[in-house]
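Residue numbers (my numbering), protein chains in the order written: chain A, 1 to 142; chain B, 143 to 284; chain C, 285 to 426; chain D, 427 to 568. A virtual CB, placed ideally from N, CA and C, is assigned to each residue, including glycine. The structure displayed is predicted, hence computed values, not measured ones.
Protein chains: 4
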Amino acid sequence: MPHHTHLTVRGYHLDVYRHVNNARYLEFLEEARWDYFDHNGLAEFFRNSRYGMAIVHIDIHYRRAALLGDKLDIETAFAQADARQAVINQIIRKTGSPHILAEARVSFMLIDQTTGRAIRFPTELQQAIAAHIPSNPAEPAS
Amino acid sequence: MPHHTHLTVRGYHLDVYRHVNNARYLEFLEEARWDYFDHNGLAEFFRNSRYGMAIVHIDIHYRRAALLGDKLDIETAFAQADARQAVINQIIRKTGSPHILAEARVSFMLIDQTTGRAIRFPTELQQAIAAHIPSNPAEPAS
Amino acid sequence: MPHHTHLTVRGYHLDVYRHVNNARYLEFLEEARWDYFDHNGLAEFFRNSRYGMAIVHIDIHYRRAALLGDKLDIETAFAQADARQAVINQIIRKTGSPHILAEARVSFMLIDQTTGRAIRFPTELQQAIAAHIPSNPAEPAS
Amino acid sequence: MPHHTHLTVRGYHLDVYRHVNNARYLEFLEEARWDYFDHNGLAEFFRNSRYGMAIVHIDIHYRRAALLGDKLDIETAFAQADARQAVINQIIRKTGSPHILAEARVSFMLIDQTTGRAIRFPTELQQAIAAHIPSNPAEPAS
Chain A
1 MPHHTHLTVR
11 GYHLDVYRHV
21 NNARYLEFLE
31 EARWDYFDHN
41 GLAEFFRNSR
51 YGMAIVHIDI
61 HYRRAALLGD
71 KLDIETAFAQ
81 ADARQAVINQ
91 IIRKTGSPHI
101 LAEARVSFML
111 IDQTTGRAIR
121 FPTELQQAIA
131 AHIPSNPAEP
141 AS
Chain B
143 MPHHTHLTVR
153 GYHLDVYRHV
163 NNARYLEFLE
173 EARWDYFDHN
183 GLAEFFRNSR
193 YGMAIVHIDI
203 HYRRAALLGD
213 KLDIETAFAQ
223 ADARQAVINQ
233 IIRKTGSPHI
243 LAEARVSFML
253 IDQTTGRAIR
263 FPTELQQAIA
273 AHIPSNPAEP
283 AS
Chain C
285 MPHHTHLTVR
295 GYHLDVYRHV
305 NNARYLEFLE
315 EARWDYFDHN
325 GLAEFFRNSR
335 YGMAIVHIDI
345 HYRRAALLGD
355 KLDIETAFAQ
365 ADARQAVINQ
375 IIRKTGSPHI
385 LAEARVSFML
395 IDQTTGRAIR
405 FPTELQQAIA
415 AHIPSNPAEP
425 AS
Chain D
427 MPHHTHLTVR
437 GYHLDVYRHV
447 NNARYLEFLE
457 EARWDYFDHN
467 GLAEFFRNSR
477 YGMAIVHIDI
487 HYRRAALLGD
497 KLDIETAFAQ
507 ADARQAVINQ
517 IIRKTGSPHI
527 LAEARVSFML
537 IDQTTGRAIR
547 FPTELQQAIA
557 AHIPSNPAEP
567 AS
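Take a look at the structure:
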């Protein structure tokens, strides 16, 4: 079941074209991932471990402009995970609207913060993530 | 011939993991694109027109962490363009190093700022871009 | 009566020292001001006018560090207003804590967006603001 | 002798009013301070120590708007220092112009990153800073 995060577009999110700047969307997505992790117990896992998430790939399509005052609904769901990498799908819409403003695939690995090196996902984390992957995930269009 | 932009990683570019945050890379890439446009005359074109660039797609791979004090070299080059869309390839390395920290394909359309609608590239812009596409472009690995 | 806005400190808010970066606090304060304006009708006033707010002065004291996962409570209240300038006091605490993390005085003027020039506050705006100034405002310590 | 840092205003620095957002100025100031520290040896001091700088107070006046494409000149100079706190004055102008866009007083303390606590400035740091304080410093107007 995807998780939904809500936020409102403010003046400082906009750029010279008065729409949300492309880099800000990545902060919106990160906000939504932390919010999702707060709700499924993963934030606690990371706080109590020496592990961190290293984003290795983001593929983001910007489909419509988000403007001042728009209320956004960000849908976040795990799409897949193996021992080395997990993928999260995120879709941004205006609240109550079916139209997609932006959609992204975000892939991350696990790093050991004491060594800075990528490591395999611990079994408990892999299982926790697997439990959150919808059986029939909605894929962002490529 | 690709264009090179140089910047240094500062404390405010880093996040909880003490490496450059994924969203900051997009600001680095935007900085490098404006810098490139300043040098090839496109910035002037945009300043004197009612056109703006709307990013429609970014595909970015984060390969190695950038850390406090790292001096970065961002290589920017047009990869392709047609009447509706242009693609820019950007590669971030530490200055003097062959290793890639991040590489991205950035696609944009042209919008008319008075209507907010996507429009076809004017012939002069299409030609100006075509003149800047290397005959044998280095593609980011997928 | 001061208005309260709540947000959570995320990984991308932190910098090399792993506390919230000084510039991010200003985004938190702007977020809280828009949120306040949404609740007291001023956001609507600005959306329906050609006026914008130009910040002319910020005096901010950083008293304690905000860290990953901290839940913040931002208190926002008008402190004074005359025909040319209004002042807003904002105080950031951890939710439920009496300790102040940061406190700021934010002064703004009104600009006419068509001319870019500062203008006097329209009477209706001056009155709307005056109605929101507590009779006995808590001043940030200097 | 004040230190000068140069940067150009880009599309992502602007906000809904198409001038540089108030929070961005603080990133410009931080950029200039790191740049200054790179040139006077202080950056090396911080990299080789367990000390960090904690900003405790910023007093910033925004006097004129900075717009897309503006080339900025940021002047940075130590104003005072004692065993507990140092103050840096920073002034932002358009390059070649006498007019001030923004000016700030930035005060910081030293923290021990292993304990997170404020500490007294080591004598060598206090002396290094004192050597950089102009005998007749230009003060930002209050």
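{"Asked": "C-alpha gap between A:S142 and A:D59, whole angstroms", "Found": "Legend: pLDDT at A:S142 = 48, less than 50; position of this residue unreliable, value from coordinates given subsequently. Taking the straight line from one Cα to the other gives about 9 Å."}
{"Asked": "Same chain only: Cβ atoms within 6 Å of C:H297, ignoring 5 sequence neighbours per side", "Found": "V304, R308"}
{"Asked": "Nearest to B:A244 (by Cα), restricted to the options B:S277, B:R152, B:F170", "Found": "B:F170"}
{"Asked": "Of the listed residues B:F220, B:L214, B:R160, B:A174, nearest to B:T150 (C-alpha basis)", "Found": "B:L214"}
{"Asked": "Where B:G258 falls: helix, strand or coil (DSSP)", "Found": "coil"}
{"Asked": "Proximal chain B residues relative to D:G402, where beta-carbon distance stays under 8 Å", "Found": "The structure shown has nothing for residue 402 of chain D, since chain D only spans 427 to 568."}
{"Asked": "Three-state class that DSSP yields for D:T431 in the structure shown", "Found": "strand"}
{"Asked": "Extent of the continuous beta strand (DSSP E) run through D:R519", "Found": "512-520"}
{"Asked": "Test: B:G194 CB closer than 7 Å to a CB of chain C", "Found": "no"}
{"Asked": "Under the three-state DSSP convention, the category B:I253 falls into", "Found": "strand"}
{"Asked": "Neighbour list for D:L452 in chain C, Cβ cutoff strictly below 7 Å", "Found": "N306, A307, L310"}
{"Asked": "In DSSP terms, what A:R33 is bridged to", "Found": "The partner list for A:R33 (beta bridge, DSSP) is empty, contrary to what the question assumes."}
{"Asked": "Residue burial classification, D:H432 (beta-carbon count within 10 angstroms, cutoff 16)", "Found": "exposed"}
{"Asked": "Min CB distance A:S142 to chain C below 7 Å", "Found": "Unreliable positioning characterises A:S142 in this predicted model, as indicated by a pLDDT of 48, which lies under 50. A coordinate reading is not provided."}
{"Asked": "Reduced DSSP secondary structure (H/G/I, E/B, other) of B:R189", "Found": "helix"}
{"Asked": "Close Cβ partners of B:A208 (< 7 Å) along its chain, the five nearest in sequence each way excluded", "Found": "V151, H161, V162, L214, L243"}
{"Asked": "Test: C:R294 CB closer than 7 Å to a CB of chain A", "Found": "yes"}
{"Asked": "Pick from A:R63, A:F78, A:R105, A:E124 that is closest to A:S49, judged by C-alpha positions", "Found": "A:E124"}
{"Asked": "Reduced DSSP secondary structure (H/G/I, E/B, other) of B:R166", "Found": "helix"}
{"Asked": "Residue-level contact to chain B via CB, D:E457, 7 Å cutoff", "Found": "yes"}
{"Asked": "Closer than 7 Å to chain D by CB, A:L14", "Found": "yes"}
{"Asked": "Proximal residues of chain A, C-beta to C-beta of B:D201 below 9 Å", "Found": "H57, I58, D59, I60"}
{"Asked": "Interface partners of C:R302 on chain B, CB under 8 Å", "Found": "V158, R160"}
{"Asked": "Exposure of C:G380, with buried meaning 16 or more beta-carbon neighbours within 10 Å", "Found": "exposed"}
{"Asked": "Which of helix, strand or coil DSSP assigns to D:K497", "Found": "strand"}
{"Asked": "CB of D:A480 within 7 Å of CB of D:M535, strictly", "Found": "yes"}
{"Asked": "Pairwise C-alpha distance: D:H430 and B:H146", "Found": "23 Å"}
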